[in-house]
Structures are given as C-alpha cells and as structure tokens.
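Chemist: In my numbering, the protein residues as written are 152 to 308.
Where a beta carbon is used, it is the ideal one built from N, C-alpha and C, also for glycine.
These numbers were taken from a predicted model, which means no experiment stands behind them.
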C-alpha cells in the first residue's frame, strides 16, 4: 500500500511539473502570439525608419533653387540629354545604348553647374512614370542649344 501511495504521489508530482512547464511556455508572446516580450519593445524605437537612410533624400537636390522647387516633379536638362527622377531621387541618362539610373551625379555631368543650366520641369508627367519614356517628346519640344553642351553621347531618336 505504501508503494502504491508513493507511485501515485510521484506520478502527480511529475505530471504537475509537466503541466506547469507547458502552462508557463504558453503564456509568453512567442510563436503565433501578437506582440513582443517587454525586453524587446524598447529596441523597436531605435530601428524604426533607419533602413536605407543614405538613399533617402530630404529636401530638393543640391542644384535646385532655394525657392520654387518645392513640388516633387521630374526635371529634363535639354542641353545635356538627361533627367532628374524625383521619385527615385537620382539621374537618368543614356549610357551604352540603354537608359541608366544613378543615385549620384554621373561623371560626365559632374563638372557642370546644374544650378545655372537650362532645365525643364516635367509637370505634365506623374511621378510614378519613368521620365525617359518621354524623351522623344521633350527632345522635340525643347531642343538643345547649339554650342552649349559638348559631351559626345549618342542619343536615340
């Protein structure tokens, strides 16, 4: 009889340990639960919005005038045959038979003062459209001035 009591009490203790362990594991905010444990919540504010900060440009590009370039719109530089893509914050230019995109100013344009260059704001084209699609239209409407640019690139017509 004593052995039966010992077996039953041992069984109850072991089952109680397993039940309590399962109950303790189920109370956390782990798999399938919403939220995060408290020890991770204070880290969330540090990382919010910091991804690719180098690629995000705040404000107008450096060559834009201080006043008058507040709305985000594509810009066409007719004398140099390239665009500024305001949505992607970079430059679209013709390179080796294709349109290329660069987040920084391309090398062949680096020595040009874009603040004083002739530019055409493409206000009739929405930001979600790539500006190079309209190159033919803008080339016909705003031809380059003779003798201004000598950058020797072949542009398709």
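Pick out whichever of 259, 238, 269 and 227 has its Cα sitting closest to the Cα of residue 289.
Modeler: Start at 1 with the first residue of the chain shown, and residue 289 comes out as number 138. Measuring from the Cα of residue 289, the nearest candidate turns out to be 227.
Chemist: Restricting to runs no shorter than 3 residues, where is the beta strand (DSSP E) found entirely within the stretch 218 to 242?
Modeler: 225 to 228 and 233 to 236
Chemist: Please return the same chain residues whose Cβ sits closer than 7 angstroms to the Cβ of residue 284, not counting the five positions on each side in sequence.
Modeler: Here residue 284 corresponds to residue number 133 of the chain shown, with the count starting at 1. Excluding sequence neighbours, residue 284 sits near nothing in its chain.
Chemist: Between 265, 223, 270 and 271, which has its C-alpha nearest residue 278's C-alpha?
Modeler: Residue 278 sits at position 127 when you count from the first residue of the chain shown. Checking every option, the nearest Cα to that of residue 278 belongs to 223.
Chemist: Give me the Cα-Cα distance between residue 268 and residue 249, rounded to the nearest whole angstrom.
Modeler: For this step, residue 268 is matched to residue 117 along the chain shown. For this step, residue 249 is matched to residue 98 along the chain shown. Residue 268 and residue 249: Cα-Cα distance of roughly 24 angstroms.
Chemist: Check residue 244 in the structure and name its three-state DSSP category.
Modeler: Looking up residue 244 in the chain shown gives position 93. Residue state, collapsed to three classes: strand.
Chemist: Throw me the rounded Cβ distance for the residue 241 and residue 233 pair, which I believe falls under 8 angstroms.
Modeler: Translated into the one-based positions of the chain shown, residue 241 becomes position 90. Translated into the one-based positions of the chain shown, residue 233 becomes position 82. Not a contact, Cβ separation roughly 11 angstroms.
Chemist: For residue 160, name the three-state secondary structure that DSSP assigns.
Modeler: Taking the first residue of the chain shown as position 1, residue 160 is located at position 9. Reduced to three states, the DSSP call for residue 160 is helix.
Chemist: Considering only C-alpha positions, which residue in the set 263, 270, 153 and 235 is nearest to residue 282?
Modeler: Your numbering for residue 282 matches position 131 in the chain shown. Residue 235 is the option with its Cα nearest to residue 282.
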